[in-house]
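These notes are about the structure you will find just below.
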Amino acid sequence: MMGKGYGRFRLGQKRLLASLALALATILPATAQPLVPLPPQPDGLAWPTEGWEQGELPAEIADDVRAQIDEVMTRELSDVMGETRAVVIIHRGKLVLEAYRDGFGPETKQVSWSMAKSVTSALTGRAVQLGLIEDIDVPMPSPFEADDPRSEITWRQWLTMTDGLDYLEIGATSMAENDVIQMMYGPGRFDVTQYIVDELPLIHAPGTVWNYSTAGYHLLGRALQQISGSFELGQGMKDALAEQWDAEFRERLINHSVELQYSKIYSGELLNVLLFEPLGMDAQPEFDSAGTYLGGSLVWASARDFAKFGYLYLRDGVWEGERLLPEGWVDFSRTDPDDTDANVYGAGWWITTRGADPVPPYQKRNAPPWDSFAAEGHEGQTIFVVPSRDLVIVRLGLMSNEGENWPELFKWNQSLANLFPETRFASIPDESGTETNSP
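If you use mature numbering (1 follows the signal peptide of the UniProt record, and there is no 0), the sequence shown corresponds to residues -32 to -1, 1 to 407, in order.
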């Protein structure tokens, strides 16, 4: 059964089917390569909406897995990979191991940092599935004037970080030149949208050059709020929201006024209904002072709940037997876009590309399991998804010296994942890049 939030939207069936037909026809790049299949939910296993079913590590690897987790939990901030605060491992749909540093536990919400980009990509997929976005290859609603070429950047180009803006984050050598610092903590801190409009001109043709960008995902968050005017909210939700406003605003909320589309209460509840509630996640997104959802940076959730989000992608966007994300959306998210140099990034997710050349030195994602893809955030937050192992690994913590430590964290995730057996149905790329069938 679908989570409670799904029934709160009432969209015309003809409009929804027409929208899905158009959107699904154009999601994947034309030259997308075959991918390891995403494993289905095991027969008879309950979905983790109400909580994870406990399981056991495979006996032949249990000691090695526990030893690797025990060792990393003893490391301090100054050590390689820094301080690990939570690890959750989901194997074949069950929670087989979790570990927490003192002061943290299964219910402790921790910050996503840039894992929020993966969440925002999923929210965009939800909007496509609900018929609120009819085509990701049309310009996204944006704050730019109609005669500004930036207004023509499409949903796909924002999602794949091929927007072409003059933005510097990875590779910045000082806080003064780092746009994410200036946007989030400098002059843009009260209104990230205005910073983007004023400070980030177009320097490349959209769709041609990949450049890691938190700014683009903030604008995606804003656009999702903007199209919220298409949502038809159930009266119960309207009444519940209205109780949080004084009488002056109540009538406008009941009437679903556009003036309230950026209110934090309203937008937070919409994000909850779209994604978090169906998954059973207790998550908290953050907003700037102007009310914009910070879709590139800030969502708070527990390690168990971040694992639910990773599990949605492991199960190809299906939850409780119903499709939350469009068919093909997860494959789109784990495929690098056509005609660009984005060989380590899909749509909101980092990918592992066989034979990628060049591979950015801060990633070094050129080792098995080749089918892994990950949500990653500042200071070492990761949701590591491995279809060939039917596996999700969540690691949350605090990591300094990220230039040196990110490759080490990726190797740690890889080595842990490689301990687990391959699934029987997956076509697995071996270390040479050759496809081989697992037993």
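No residue lacks a Cβ here, since even glycine has one placed at the ideal position from N, Cα and C.
*CB of W126 within 8 Å of CB of L170, strictly*: Their beta carbons are not under 8 Å apart, which means W126 does not touch L170 by this criterion.
*Whole-angstrom Cβ separation of T260 and R157, contact assumed at under 8 Å?*
With 8 Å as the limit, T260 and R157 do not qualify as a contact, their Cβ atoms being about 12 Å apart.
_Going by DSSP in three states, F274 sits in which element: helix, strand or coil?_
helix
*asked:* So K85 and G264 are supposed to be a Cβ contact under 8 Å. How far apart are they, rounded?
replied: Between G264 and K85 the Cβ distance is about 6 Å, and since that is below 8 Å, they are a contact.
*Considering only residues of the same chain and omitting the five flanking positions on each side of D339, which have a CB-CB separation below 6 Å?*
V4, P355 and S356
*For M83 versus Q349, is the C-beta distance shorter than 8 Å?*
In contact: M83 and Q349 (Cβ atoms closer than 8 Å).
*With distances taken from CA atoms, which of L13, P107 and V267 is nearest L91?*
V267
*asked:* DSSP three-state label for A183, please.
replied: helix
*Provide the residue span of the alpha helix (DSSP H) that contains Y153, from first to last.*
Counting along the chain, the alpha helix (DSSP H) containing Y153 begins and ends at D147 to Y153.
*Distance, Cα to Cα, L168 vs V160?*
11 Å
_First through last residue of the alpha helix (DSSP H) which encompasses L377_ = E370 to N386
*Assign A(-12) to buried or exposed, taking buried as 16 or more other Cβ atoms, counted over all protein chains shown, within 10 Å of its Cβ.*
Any reading at A(-12) is ruled out, since the residue's pLDDT is 44, under 50, leaving its predicted position unreliable.
_Element boundaries [alpha helix (DSSP H), containing V40]_ = A30 to M41
_So if DSSP puts Y261 in a beta bridge, which residue, or which two residues, is it bridged to?_
F255
*Could you tell me if L209 is buried or exposed, where buried requires 16 or more neighbouring beta carbons within 10 angstroms of its beta carbon?*
Reliability of the predicted coordinates at L209 is poor, the pLDDT of 48 falling under 50, and the value obtained from them is presented with this limitation in mind. Per the 10 Å Cβ criterion, buried.
*What whole-angstrom Cβ distance do W123 and M143 have, given they're in contact under 8 Å?*
At roughly 31 Å, the Cβ-Cβ gap does not stay under 8 Å, so W123 and M143 are not in contact.
_Once DSSP output is grouped into helix, strand and coil, what is the label at W287?_
strand
*Quick check: the stretch 104 to 121 against the stretch 67 to 83, are there 3 or more CB pairs under 8 Å?*
No contact exists between the stretch 104 to 121 and the stretch 67 to 83.
*asked:* Measuring straight from C-alpha to C-alpha, what distance separates V165 and R34?
replied: 49 Å
*For E39 and F388, the rounded distance between their alpha carbons*: 18 Å
_Spatial distance of T88 from A30 (CA atoms)_ = Roughly 35 Å between the two C-alpha positions.
*Take the Cβ of G19 as the centre, count every other Cβ of all protein chains shown within 10 Å, and call the residue buried at 16 or more, exposed below.*
exposed
*The beta strand (DSSP E) enclosing E167, as first and last residue numbers*: Unbroken run through E167 is the alpha helix (DSSP H), V160 to E167; no beta strand (DSSP E).
*Flag this pair as yes or no: are the beta carbons of M129 and W81 separated by less than 8 Å?*
no
*So, G93 versus L293, is the Cβ gap smaller than 8 Å?*
yes
_Identity of the residue in D306, T17, A14 and S257 nearest T176 by Cα_ = D306
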